[in-house]
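Residues 9 to 187 in the working numbering are what the sequence shown lists, from first letter to last.
Using N, Cα and C, we set each Cβ at its ideal position, and we do this for glycine too.
Accompanying notes for the structure given below.
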Amino acid sequence: PPYISMKAGPATLPRKKSGILQLTLETDKLPHLGLTQTSVYLSRYMGDKVSTENEIAVSATLLPDLQNLSADERAQAPKVEFSATDIEFGPFGSKKQFSKTLTLSNTGKSPLQIQELQVSDPALSVALKKTVLAPGEHTKLKVTATAKYLKKEKVDACVMLITNDPTHPKVEINVPLRQ
9 PPYISMKAGP
19 ATLPRKKSGI
29 LQLTLETDKL
39 PHLGLTQTSV
49 YLSRYMGDKV
59 STENEIAVSA
69 TLLPDLQNLS
79 ADERAQAPKV
89 EFSATDIEFG
99 PFGSKKQFSK
109 TLTLSNTGKS
119 PLQIQELQVS
129 DPALSVALKK
139 TVLAPGEHTK
149 LKVTATAKYL
159 KKEKVDACVM
169 LITNDPTHPK
179 VEINVPLRQ
């Protein structure tokens with residue numbers, strides 16, 4: 009991908025020798041805030057096929073740059089609060105779907121922006137009523153788990169929100185799933 013560069017040393021390795029791969033993530037070229045996942049594949053010889061044996065999985069979470077805010081800006085900043093940061097659905101058994109609704113609030117002094125909303129597993133889906141909350145305002149976040157999309161017996165899934173809250177730019181809601 010265009011946001012990863014790589015250097016290898018040495019370029020060719022003799023049998024039973026080791027080398028160094030240096031992967032560099034260029035964050036200014038990432039396509040969006042939040043989680044980006046991709047794979048880089050090494051070619052061991054000409055015509056080598058792509059497989060899990062030569063795969064390097066790369067995950068990066070890009071957060072908004074909120075470090076250089078003044079003390080006054082921090083005092084006036086939005087503040088995200090959730091009614092819960094863990095959701096327990098229990099085993100699906102014969103059920104096809106579970107849903108829970110959480111309350112998301114802005115207890116800060118300026119508008120809260122939900123800049124990105126992502127799920128870590130295809131078995132999860134989310135619905136958010138509003139992406140901008142005025143101070144003192146709240147909205148509902150509905151999290152749904154669907155059994156037919158669950159690939160493993162047990163999955164530690166999560167819902168991730170990227171916000172403009174300088175103390176919580178990334179909020180994760182843990183959703184352990186069991187078949």
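CB-CB under 6 Å to residue i, same chain, minus the five flanking residues each way: which ones, in chain order?
i	result
alanine 16	Leu29
threonine 115	Lys87, Glu89
leucine 50	Asn62
lysine 117	Gln84, Pro143
aspartate 129	Val163, Ala165
lysine 138	Thr147
Just confirm the distance between the C-beta atoms of residue i and residue j, as a whole number of angstroms; I'd bet it's less than 8 Å.
i	j	result
leucine 149	leucine 136	5 Å
glutamate 124	histidine 40	6 Å
lysine 108	isoleucine 95	5 Å
isoleucine 12	valine 48	6 Å
threonine 93	isoleucine 181	5 Å
valine 140	valine 151	With 8 Å as the limit, valine 140 and valine 151 do not qualify as a contact, their Cβ atoms being about 20 Å apart.
leucine 43	proline 177	Not a contact, Cβ separation roughly 13 Å.
threonine 46	valine 66	5 Å
leucine 33	proline 174	At roughly 23 Å, the Cβ-Cβ gap does not stay under 8 Å, so leucine 33 and proline 174 are not in contact.
Pick helix, strand or coil for residue i, following the three-state DSSP scheme.
i	result
tyrosine 53	coil
arginine 186	strand
alanine 65	strand
lysine 138	coil
alanine 131	coil
threonine 171	strand
aspartate 94	strand
From what residue to what residue does the beta strand (DSSP E) around residue i run?
i	result
glutamate 124	120-127
histidine 146	146-154
Identify the residues that DSSP records as bridge partners of residue i: which are they?
i	result
valine 88	Asn114
alanine 16	Leu29
histidine 176	Beta-bridge pairing links histidine 176 to no other residue.
glutamine 45	Ser67
glutamine 105	Thr154
lysine 162	Arg186
proline 143	DSSP output for proline 143 lists no bridge partner at all.
proline 99	Arg186
For residue i, I'd like the list of residues in its chain whose CB is within less than 8 Å of its CB, leaving aside the five on either flank, ordered along the chain.
i	result
threonine 111	Phe90, Ser91, His146, Thr147, Lys148, Leu149
alanine 155	Phe100, Lys103, Lys104, Gln105, Ala131, Gln187
valine 127	Ser133, Val134, Ala165, Cys166, Val167, Met168
glycine 27	Ala16, Gly17, Pro18, Leu21
Within a Cβ cutoff of 7 Å, which residues of the same chain sit near residue i, ignoring the five residues on either side of it in sequence?
i	result
proline 10	Lys37
The alpha helix (DSSP H) with residue i in it runs from where to where?
i	result
aspartate 80	79-83
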